[in-house]
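Only one structure is covered here, and it is reproduced in the block below.
There are 2 protein chains.
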Amino acid sequence: MESRLGPVSTPGALPYYVAFSQLLGLTVVAMTGAWLGLYRGGIAWEGTLQFNVHPLCMVIGMIFLQGDALLVYRVFRKEAKRTTKVLHGLLHVFAFIIALVGLVAVFDYHKKKSYADLYSLHSWFGILVFVLYFVQWFVGFSFFLFPGASFSLRSRYRPQHIFFGATIFLLSVGTALLGLKEALLFKLGSQYSTFQPEGVLANVLGLLLACFGVTVLYILAQADWKRPPQAEEQALSMDFKTLTEGDSPSSQ
Amino acid sequence: MESRLGPVSTPGALPYYVAFSQLLGLTVVAMTGAWLGLYRGGIAWEGTLQFNVHPLCMVIGMIFLQGDALLVYRVFRKEAKRTTKVLHGLLHVFAFIIALVGLVAVFDYHKKKSYADLYSLHSWFGILVFVLYFVQWFVGFSFFLFPGASFSLRSRYRPQHIFFGATIFLLSVGTALLGLKEALLFKLGSQYSTFQPEGVLANVLGLLLACFGVTVLYILAQADWKRPPQAEEQALSMDFKTLTEGDSPSSQ
Chain A
1 MESRLGPVST
11 PGALPYYVAF
21 SQLLGLTVVA
31 MTGAWLGLYR
41 GGIAWEGTLQ
51 FNVHPLCMVI
61 GMIFLQGDAL
71 LVYRVFRKEA
81 KRTTKVLHGL
91 LHVFAFIIAL
101 VGLVAVFDYH
111 KKKSYADLYS
121 LHSWFGILVF
131 VLYFVQWFVG
141 FSFFLFPGAS
151 FSLRSRYRPQ
161 HIFFGATIFL
171 LSVGTALLGL
181 KEALLFKLGS
191 QYSTFQPEGV
201 LANVLGLLLA
211 CFGVTVLYIL
221 AQADWKRPPQ
231 AEEQALSMDF
241 KTLTEGDSPS
251 SQ
Chain B
253 MESRLGPVST
263 PGALPYYVAF
273 SQLLGLTVVA
283 MTGAWLGLYR
293 GGIAWEGTLQ
303 FNVHPLCMVI
313 GMIFLQGDAL
323 LVYRVFRKEA
333 KRTTKVLHGL
343 LHVFAFIIAL
353 VGLVAVFDYH
363 KKKSYADLYS
373 LHSWFGILVF
383 VLYFVQWFVG
393 FSFFLFPGAS
403 FSLRSRYRPQ
413 HIFFGATIFL
423 LSVGTALLGL
433 KEALLFKLGS
443 QYSTFQPEGV
453 LANVLGLLLA
463 CFGVTVLYIL
473 AQADWKRPPQ
483 AEEQALSMDF
493 KTLTEGDSPS
503 SQ
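So the sequences go chain by chain: A and B. Numbering follows this note's numbering, in which position 139 of the first sequence is assigned residue number 139; successive positions increment by one, without gaps. For this note's numbering, add 252 to where a residue sits in the second sequence, where the first one is 1.
Given below as structure tokens:
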């Protein structure tokens, strides 16, 4: 059993689950590219193809990179806590910048085409999730990196940061599914019901997006797979308190 | 702090979160009814209105009742374990039957109208979630109620049952959002972008559906709010092992 291993060991099954999540994540990114290339004329910043920048950037940023940022603490188990923390924050910065490009693309495209903004359920979820993502990053950075909060504040905020991090990721997956559905219905309309190749490909992409979300959540949810506190950290680092269970009953 | 309370006490904030979840859940059911009544001509088993049975039944069964079934172990903290277990299983049975009526309604409606079945992303998710829900119920019933599995099998399956229970619930919320989006785009089409009252109402309903999902997940995720093992149960019941953390490192 994993739970009997020492604190610096990696649980036996974890690498396989992480590898599977990466396979799913890369497949989702590749399939999004294939969908846009095969059925939507590819990608460009000018003209009608500018719209296609939106789904690709959102899937790379808000799904794949955001998901991987959440897995950093499960994958980097032996590295210094601060290094892992900086990597977690940096991956979220990359995800945020790529998603911002995707957002600018769709607003710019709507403006050129004189389309209305922010009327659909997808867009309401999208804006909400993007704002929450920024707030979560900013508060996380302030508490855990710079300037940093006190032991007690950190250990009280930490479970909230983890819960809302996972929630924002799941809402991002949900928002992507709504966007995919919208893109299909706008273009295919009643043709969607005739099992067009584009419809089937996009449905499979939707299922794989959900599978990636569930796999990341599964890895995060395994108590045995959490990054264990390292002896060196416990003695040297101010971060020790943030690694423990804090004031949960199981730590009594 | 809740964690310092005795094993049979109720954490201070829990009732407020549960009350809030019920307010959200009932609002979602009422708004679904209002949407169907105001903009879709109401509900009937015959004719075009048969379709409307589908969203209402799915929201009552797969969202509200399924969510409440997950909260049973947080709300009934002092009752006998077996009573709580039976209530959890029964709520899922009610949810399943109501959802089955909703499924029959949409297939029957499609048949009468000669519409294609199971072509959309919503329908693929829907069928998958419904099958997973049945399998989860059946395996849960077999392991925990009748005939029941051994201590060690139960304690190994329990975390999986909890994870997949929450996952199926979240997938149900996602499926409802996809269905809502589909219903809006099929009827409103390009009118959706003119902020029609129906579109705005349905968007708000979509956000509230997600809020209900997040609130239930938040209550489930609080380690301090888990149902504590009761002294009497520990001595008398065969279920004791299923209440503890099993073989997680925090119980060492």
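All C-beta atoms, glycine included, are put in the ideal place defined by N, C-alpha and C.
Distance between Pro197 (chain A) and Lys187 (chain A), taken at the CA atoms: about 13 Å.
Closer than 8 Å to the CB of Val214 (chain A) there is at least one CB belonging to chain B. The Cβ-Cβ distance between Ala30 (chain A) and Gly61 (chain A) does not fall below 8 Å.
Residues of the segment 348-370 of chain B whose Cβ lies closer than 8 Å to any Cβ of chain A, in chain order: Tyr367, Ala368. In the three-state DSSP reduction, Gly12 (chain A) falls in the coil class, being neither helix nor strand.
Interface residue (Cβ-Cβ distance to chain A less than 8 Å): Gly378 (chain B) is not classified as such.
Here Thr167 (chain A) is near Leu469 (chain B), since their CB atoms are less than 8 Å apart. Separation of Asp320 (chain B) and Ala475 (chain B) (C-alpha to C-alpha, rounded to the nearest whole angstrom) is 18 Å. Nearest neighbour of Trp124 (chain A) by Cα position, chosen from B:Pro480, B:Ala462, B:Phe272, turns out to be B:Ala462. In this model, Gly148 (chain A) and Gly89 (chain A) are separated by some 14 Å (Cα to Cα).
For the 8 Å CB-CB criterion, Gln318 (chain B) and Ser424 (chain B) form a contact. DSSP places Trp137 (chain A) within a helical segment (H, G or I) once states are collapsed to three. Tyr269 (chain B) and Phe163 (chain A) have their C-alpha atoms roughly 15 Å apart. The C-beta separation of Phe212 (chain A) from Gly25 (chain A) comes to about 5 Å, placing the pair in contact by the 8 Å criterion.
Straight-line spacing of the CA atoms in Ile471 (chain B) and Arg326 (chain B) works out to 8 Å. Interface with chain A (8 Å Cβ-Cβ cutoff): Phe303 (chain B) is excluded. For Asn203 (chain A), the enclosing alpha helix (DSSP H) begins and ends at 197-221.
Going by beta carbons, Lys181 (chain A) and Leu459 (chain B) fall outside the 8 Å limit. The residues Leu178, Gly179, Glu182, in chain order, have a CB closer than 6 Å to that of His122 (chain A) in the same chain once the five nearest residues on each side in sequence are set aside.
For Leu207 (chain A), the nearest beta carbon of chain B is closer than 8 Å to its own beta carbon. With a beta-carbon spacing of about 20 Å, Thr284 (chain B) and Leu323 (chain B) fall beyond the 8 Å limit used to define contacts. Residues of chain A with a Cβ closer than 7 Å to the Cβ of Tyr470 (chain B) are, in chain order, Phe163. Nearest Cα to Gly289 (chain B) within the set B:Gly417, B:Asn304, B:Tyr371: B:Asn304.
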